[in-house]
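Accompanying notes for the structure given below.
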Amino acid sequence: MSGGVFVFRNRRSNAIKILTYDGQGFWLCHKRWSSGRLAWWPKSASRSLKVPARELQIMLYNGNPKGANMASDWRPVA
882 MSGGVFVFRN RRSNAIKILT YDGQGFWLCH KRWSSGRLAW WPKSASRSLK VPARELQIML
942 YNGNPKGANM ASDWRPVA
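For what it's worth, the numbering used here labels the leading residue of the sequence shown as 882, then goes sequentially.
Structural data, given as structure tokens:
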């Protein structure tokens with residue numbers, strides 16, 4: 882329940898898989914673009930990279946989070 886989410890893309894960049902754990906079991910979500918490909922994916926020398934939740938949300942809508950006009954980081958609602 883650490884809030885960790887693991888996101889993977891396929892080689893053709895037309896689908897992603899999201900893996901997370903909810904305390905009882907794992908959730909696997911799959912999203913595939915019916916036309917086109919994933920427009921942007923973070924580049925890193927290492928095989929893994931930490932991405933903030935707000936950037937992931939923009940990527941899921943096939944946008945470039947580096948070029949988006951974003952508000953401040955998310956915060957928990959009390």
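From the three backbone atoms N, C-alpha and C, an ideal C-beta is built for every residue, glycine too.
Nearest C-alpha to Thr901 among Val888, Arg892, Arg913 and Lys912: Val888. Between Asn945 and Trp921, the C-beta gap is smaller than 7 Å, which places the two residues in contact.
Of all alpha-carbon atoms in Gly884, Leu919 and Arg918, the one lying nearest the alpha-carbon of Asp903 is that of Gly884.
In the DSSP assignment, Arg893 falls outside any beta strand (DSSP E), carrying neither H nor E. With a minimum length of 4 residues, the unbroken runs of alpha helix (DSSP H) contained wholly in the stretch 901-955 fall at 934-941.
In the structure shown, Val886 falls within a strand segment according to DSSP collapsed to helix, strand and coil.
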